[in-house]
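2 protein chains.
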Amino acid sequence: MPKVGMEPIRRQQLIKATMAAIDEVGLAEATVMRIARHAGVSAGIISHYFGGKDGLLEATMRQILTDLSHAVAARRHALEDDSPRAHIGAIIEGNFDRTQVTDPAAKTWLAFWASSMHKPALQRLQNVNDRRLYANLCHQFKRVMPRADARNAARGLAAMIDGLWLRGALTPDGLDAPEARHLAHTYLDQLLIHYGCQQFASTAETL
Amino acid sequence: MPKVGMEPIRRQQLIKATMAAIDEVGLAEATVMRIARHAGVSAGIISHYFGGKDGLLEATMRQILTDLSHAVAARRHALEDDSPRAHIGAIIEGNFDRTQVTDPAAKTWLAFWASSMHKPALQRLQNVNDRRLYANLCHQFKRVMPRADARNAARGLAAMIDGLWLRGALTPDGLDAPEARHLAHTYLDQLLIHYGCQQFASTAETL
DNA sequence: ATTTTTTTATTGAACGTTCAATCAATAAAG
DNA sequence: CTTTATTGATTGAACGTTCAATAAAAAAAT
Chain B
287 MPKVGMEPIR RQQLIKATMA AIDEVGLAEA TVMRIARHAG VSAGIISHYF GGKDGLLEAT
347 MRQILTDLSH AVAARRHALE DDSPRAHIGA IIEGNFDRTQ VTDPAAKTWL AFWASSMHKP
407 ALQRLQNVND RRLYANLCHQ FKRVMPRADA RNAARGLAAM IDGLWLRGAL TPDGLDAPEA
467 RHLAHTYLDQ LLIHYGCQQF ASTAETL
Chain Y
287 MPKVGMEPIR RQQLIKATMA AIDEVGLAEA TVMRIARHAG VSAGIISHYF GGKDGLLEAT
347 MRQILTDLSH AVAARRHALE DDSPRAHIGA IIEGNFDRTQ VTDPAAKTWL AFWASSMHKP
407 ALQRLQNVND RRLYANLCHQ FKRVMPRADA RNAARGLAAM IDGLWLRGAL TPDGLDAPEA
467 RHLAHTYLDQ LLIHYGCQQF ASTAETL
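If you read the sequences in order, they're chains B and Y.
493 is the number that our numbering gives the last residue of the first sequence; the numbers go up by one with no jumps.
493 is the number that our numbering gives the last residue of the second sequence; the numbers go up by one with no jumps.
This is the structure we're talking about:
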């Protein structure tokens with residue numbers, strides 16, 4: 287099979303296989319052999335393309351984060367309405383995007399979440415992502431409420447999103463995305479209700 | 287040192303040492319030797335008292351869950367007010383109890399959360415706990431609102447609690463318990479505000 | 001067109017390390 | 001002297017990494 291230009295293909299293959307393995311048996315038992323078998327290649331190839339297992343894990347987490355980033359950015363870019371509510375709504379929708387709520391992605395994310403507490407490389411990635419979510423939310427909330435209130439609203443909504451997401455990942459049947467989105471949008475409505483924002487029927491379409 | 291009646295002492299010692307080790311290096315590198323060193327005993331003793339490493343981990347998670355259970359139960363028992371708001375407030379307070387928000391407990395919990403997705407023994411414990419929180423919240427909400435609304439409120443508040451808790455565990459500086467409690471209580475106020483509940487200054491005392 | 005050479009991709013067995021579990025030996029307490 | 005508690009060296013299995021060998025494709029030469 288060896289032809290030129292395999293690198294991007296193999297990297298993608300192995301990242302996907304990593305998520306599949308973590309979905310199957312968890313991060314603790316996702317050995318290089320198991321990951322390689324999922325990708326249909328040998329174990330040695332992982333060190334060749336990622337320098338080692340740690341490199342593959344870091345690349346996998348980076349992939350998930352850029353997927354999330356793109357899911358949010360695409361929705362915000364497609365808005366015809368520039369209101370804070372619309373932007374925050376898009377952020378919510380992006381966080382419950384297809385690529386995120388799939389079982390392999392969800393379980394992999396949670397595994398990395400726990401792992402990031404003790405691995406500096408993962409911790410940095412995780413912090414960047416956290417700050418971006420908070421900063422984006424905060425910026426939009428500040429357009430309609432005082433700074434102190436905006437900070438609390440951003441913290442609350444960020445916690446709500448992560449909490450819904452976490453509980454979804456732990457549920458045996460997987461995350462119920464429509465319901466999670468509905469709860470998040472309802473919470474957003476409640477946060478904005480005191481500040482005279484125009485109230486869309488933003489939750490009707492999600493159920 | 288060997289004298290009779292060591293079992294309960296050693297068990298407690300080793301459970302505490304397990305949390306300390308997980309706090310220090312994470313579950314993946316919390317080896318039996320490291321845990322034993324934390325407790326000041328030899329590695330072999332773990333198999334003697336817990337049948338093996340898995341037994342110790344399960345006992346540790348069980349300990350955390352019973353601590354949480356007691357923290358909530360104690361606060362609900364001490365209520366002089368029987369209102370739904372008071373009960374739910376006590377549940378919130380219990381979830382942000384001292385024993386829960388300590389760094390070792392928080393990191394251990396998150397580690398088990400991730401681990402419980404693939405270890406049936408831990409998954410059962412986690413499910414029981416989840417269901418209890420949801421059922422308790424749901425029961426109280428039903429006293430003041432229709433069943434469908436109560437279910438959503440319970441799901442939302444449970445997600446909020448877990449989300450605040452999760453974000454706190456990942457923050458380098460640890461969880462800011464007073465702020466988390468304030469956000470949770472504010473959310474509770476918003477959930478109840480449409481149902482004519484008497485509105486306490488329930489958040490003033492927490493800041 | 002065919003053959004030879006070079007480059008690139010991949011394998012899989014071997015190596016060294018690490019870990020959990022075991023158990024015979026030991027030491028203190030009753 | 002018996003019982004209970006504890007140790008720590010040992011064992012065997014599992015893991016990630018390495019590297020010489022291999023095979024296919026591409027390039028060069030005939």
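Backbone N, C-alpha and C define an ideal beta-carbon position, used for all residues, glycine too.
Given the structure is predicted, the values throughout are model-derived calculations rather than measurements.
Of all residues in the stretch 383 to 402 of chain Y, only 393, 396, 397, 399, 400, 401, 402 place a beta-carbon less than 8 Å from a beta-carbon of chain B. Residue 404 of chain Y carries a coil assignment under DSSP once its states are collapsed to helix, strand and coil.
The three-state reading of DSSP puts residue 370 of chain Y in helix, counting H, G and I together. CA-CA distance, residue 456 of chain B to residue 442 of chain B, rounds to 21 Å. For the stretch 416 to 441 of chain Y, the set of residues with a beta-carbon nearer than 8 Å to any beta-carbon of chain B comprises 416, 438, 441, in chain order.
By the criterion of a C-beta distance shorter than 7 Å, residue 423 of chain B is surrounded in its chain by 374, 377, 440, 443, 444, once the five residues flanking it on both sides are discounted. In this structure, the CA atom of residue 478 of chain B is about 32 Å from the CA atom of residue 362 of chain Y. In the three-state scheme derived from DSSP, where H, G and I count as helix and E and B as strand, residue 385 of chain B is classed as helix. Within 10 angstroms of the beta-carbon of residue 400 of chain Y lie 16 or more other beta-carbons, which makes it buried.
Residue contact with chain Y for residue 341 of chain B: absent (no Cβ-Cβ distance below 8 Å to any residue of chain Y). Taken through DSSP and simplified to helix, strand or coil, residue 305 of chain B comes out as helix. Annotation: residue 304 of chain Y to residue 434 of chain Y spans about 42 Å, alpha carbon to alpha carbon. Residues of the stretch 304 to 323 of chain B with a C-beta less than 8 Å from any C-beta of chain Y: 311, 312, 313, 314, 315, listed in chain order.
Three or more Cβ pairs drawn from the stretch 383 to 399 of chain Y and the stretch 348 to 357 of chain Y lie within less than 8 Å of each other, which places the two stretches in contact.
Residues of chain Y with a Cβ closer than 7 Å to the Cβ of residue 404 of chain B are, in chain order, 311, 312.
The beta-carbon of residue 354 of chain B is placed no less than 8 Å from the nearest beta-carbon of chain Y.
Following the DSSP letters along the chain, one finds residue 479 of chain Y in no alpha helix (DSSP H), marked with neither H nor E. When DSSP states are grouped into helix, strand and coil, residue 469 of chain Y belongs to the helix group. Less than 8 Å separates the beta-carbon of residue 452 of chain B from that of residue 452 of chain Y. The stretch 326 to 337 of chain Y makes no contact with the stretch 406 to 421 of chain Y: fewer than 3 CB pairs, one atom from each, lie closer than 8 Å.
Counting C-beta atoms within 10 angstroms of its own C-beta, residue 421 of chain Y has fewer than 16 neighbours from the protein chains shown and is therefore classed as exposed. CA-CA distance, residue 461 of chain Y to residue 316 of chain B, rounds to 30 Å. The three-state secondary structure of residue 439 of chain B, taken from DSSP, is helix. Distance from the Cα of residue 447 of chain B is smallest, within the candidate group B/320, B/291, B/297, B/380, for B/380. Only residues of its own chain outside the window of five on either side were considered, and among them 343, 344, 347, 398, 401, 402 have a CB closer than 8 Å to the CB of residue 408 of chain Y, listed in chain order. Note on geometry: alpha-carbon atoms of residue 481 of chain Y and residue 474 of chain Y lie some 12 Å from one another. An exposed status is given to residue 326 of chain B, since fewer than 16 other beta-carbon atoms sit within 10 Å of its beta-carbon.
When the Cα atoms are used, residue 339 of chain B and residue 469 of chain B turn out to be separated by approximately 38 Å. Chain B places no beta carbon closer than 8 Å to that of residue 481 of chain Y, leaving this residue out of the contacts. In this structure, the beta-carbon distance from residue 364 of chain B to residue 386 of chain B does not fall below 8 Å. Beyond the five residues adjoining it in sequence on each side, residue 293 of chain B comes within less than 8 Å, by CB distance, of 335 in the same chain, given in chain order. It is roughly 41 Å from the alpha-carbon of residue 299 of chain Y to the alpha-carbon of residue 323 of chain B.
Residues of chain Y whose Cβ lies closer than 8 Å to the Cβ of residue 410 of chain B do not exist; the shortest such Cβ separation is about 11 Å.
Residue 314 of chain Y is positioned such that its CB atom lies no closer than 8 Å to that of residue 382 of chain Y.
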